[in-house]
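**Student:**
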Amino acid sequence: MADKGKILITGATGFVGSALCNTLIQNELSVVGVSRGKTTQPWHVLGPSLSVDADWSALLSNVSVVIHCAALVHQMRCGDNVSQDDYLRINTEGTLKLARDAVAGGVKRFIYLSSVKVNGEFSQVDKPFSTSNEHIPADPYGFSKYQAETQLLQLARETGLEVVIIRPPLVYGKGVKANFLSMVKWVKMRLPLPFSRVNALRSLVYIDNLVDLIVVCCTHPNANGRVFMVSDDHDVTLPDLLSEIADAMGKRCFLFPIPMFFLKMVLSIIGLGSVAQRLLNPLQVDISETKQYLDWVPPVSFSDAISITVKNI
């Protein structure tokens, strides 16, 4: 860091936060990793819950950059009994309280890990999401992230806080869970999968590529005040992704065709309608502005990223 100040990371025991902390420490930077979870890592401290009543002042002493990864996320497997008010209270109001405390503490830059869900649940064919698209969040989580983005940028205009916003799609890598882990298990079990006709393109981002972009955004002068889309810059269909996973395992992937309408109907009947939407519809992001403004390209290729991920599951 240019001013050698500390970097505070929220959600430090999460998937992205822990990878980010480890990378920054390897780069010999001073890290304060904050979360509600417990860990034996020396850089970790217990922090307040995200709320309007939280007091972050003690943790922000001598901090120059805040990287805000913590959030209340949608729990697909267990259903989502969380209200929209809960999402707004934690993801919007709690984020703004942290940012205001950061301003009061003299923090220079605030990096907010948002979500592609701010743009919507899926993109149109051959029309990737970009920062210039209309924002159409499809669920309370996406709406709460959009509200946080809007209010952070307003706070930046009022106070001079340097705000940087990053919208990742699905993040994968060592330790990944949820849908990506399920796909790896399907291939490992050599299950015949009815996905050969799925041709929707999806953007993904490997954890190390996302972390690399976040690190660049800590200091790059062109990052200030901007929203960035991020991906591996290699969009894939579901059959291609499954085949890549199989290749990394040294296995064959068994795919067979069934009509798309029937596949969607079956998945909906067995309670996997939301999973069907995520697997079968396009969701592409355009990272051309990210590459242009930051002179950045993903450092790890898609094939290498899949191989590393599979070998660490």
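Start counting the sequence shown at 1; every next residue gets the next number (the UniProt record's numbering). All C-beta atoms in this analysis are idealised placements derived from N, C-alpha and C, irrespective of residue type, glycine included. All of these numbers come straight from a predicted model, not from anything done at the bench.
Excluding the 5 residues preceding and the 5 following T309 in the sequence, name in chain order all residues of the same chain whose CB lies nearer than 6 angstroms to its CB.
**Tutor:** On the sequence shown, position 309 is the one that residue 309 refers to. Beyond the five residues adjoining it in sequence on each side, T309 comes within less than 6 angstroms, by CB distance, of Y172 and G173 in the same chain, given in chain order.
**Student:** Taking the alpha-carbon positions, what's the C217 to R226 distance?
**Tutor:** What you label residue 217 is simply residue 217 of the sequence shown in a count that begins at 1. What you label residue 226 is simply residue 226 of the sequence shown in a count that begins at 1. Their Cα atoms are separated by approximately 10 angstroms.
**Student:** Where do the N-terminal and C-terminal ends of the beta strand (DSSP E) with R109 fall, by residue?
**Tutor:** Here residue 109 corresponds to residue number 109 of the sequence shown, with the count starting at 1. Run containing R109: R109 to L113, per the beta strand (DSSP E) assignment.
**Student:** Pick from V198, G175, V103 and V116: whose alpha carbon is nearest that of F154?
**Tutor:** The residue labelled residue 154 in the question sits at position 154 within the sequence shown. Here the sequence assigns Gln to residue 154, which means Phe is not the residue at that position. Q154 has its Cα closest to that of V103, out of V198, G175, V103 and V116.
**Student:** Given a threshold of 16 other Cβ atoms within 10 Å of its Cβ, counted over all protein chains shown, does R252 qualify as buried or as exposed?
**Tutor:** Within the sequence shown, the letter at position 252 stands for residue 252. The residue is exposed, with fewer than 16 neighbouring Cβ atoms inside 10 Å.
**Student:** Could you give the first and the last residue of the continuous alpha helix (DSSP H) run that contains E158?
**Tutor:** Sequence index remark: in the sequence shown, residue 158 carries index 158 (1-based). Per DSSP, E158 belongs to the alpha helix (DSSP H) from P140 to T159.
**Student:** Quick one: is C78 buried, meaning 16 or more other Cβ sit within 10 Å of its Cβ, or exposed?
**Tutor:** Taking the first residue of the sequence shown as 1, we reach residue 78 at position 78. Low local confidence applies: a pLDDT of 46 at C78 is under 50, so the model's placement there is unreliable, with the coordinate-based value given in what follows. So C78 counts as exposed.
**Student:** CB-CB under 6 angstroms to residue 337, same chain, minus the five flanking residues each way: which ones, in chain order?
**Tutor:** Any answer about residue 337 is impossible in this case: the structure gives the chain only from 1 up to 313.
**Student:** Can you round the beta-carbon distance between K6 and V32 to whole angstroms, since I take them to be within the 8 angstroms contact cut?
**Tutor:** The count along the sequence shown starts at 1 and reaches residue 6 at position 6. The count along the sequence shown starts at 1 and reaches residue 32 at position 32. With 8 angstroms as the limit, K6 and V32 qualify as a contact, their Cβ atoms being about 5 angstroms apart.
**Student:** CA-CA distance, T92 and K127?
**Tutor:** Counting from one through the sequence shown, the residue named residue 92 turns up at place 92. Counting from one through the sequence shown, the residue named residue 127 turns up at place 127. Between T92 and K127, the C-alpha separation is close to 28 angstroms.
**Student:** Could you please give the first and the last residue of the uninterrupted alpha helix (DSSP H) stretch that includes E170?
**Tutor:** Translated into positions along the sequence shown, residue 170 becomes position 170. It is Leu, not Glu, that sits at residue 170 in the sequence shown. Counting along the chain, L170 falls outside any alpha helix (DSSP H), though it belongs to the beta strand (DSSP E) covering L170 to Y172.
**Student:** Do you know whose CA, among A99, L191, S57 and L24, lies nearest G160's CA?
**Tutor:** Counting from one through the sequence shown, the residue named residue 160 turns up at place 160. It is A99.
**Student:** With a CB to CB cut of under 6 angstroms and the five nearest residues on each side skipped, what residues in its chain are close to F302?
**Tutor:** Walking along the sequence shown from the start, residue 302 turns up at place 302. Within the same chain, F302 has close Cβ partners D232 and H234.
**Student:** Figure out for me which residue from K185, L210, K38 and H135 has the closest Cα to the Cα of L170.
**Tutor:** Here the question's residue 170 lines up with position 170 in the sequence shown. Minimum Cα distance to L170 is reached at L210.
**Student:** Check the DSSP bridge columns for F129 and list the partner residues they point to.
**Tutor:** Locating residue 129 in the sequence shown gives position 129, where the first residue counts as 1. For F129, which the question treats as bridged, DSSP gives the partners V285.
**Student:** Distance, Cα to Cα, E149 vs R190?
**Tutor:** One-based indexing of the sequence shown puts residue 149 at position 149. One-based indexing of the sequence shown puts residue 190 at position 190. If I take the Cα positions, the gap works out to 43 angstroms.
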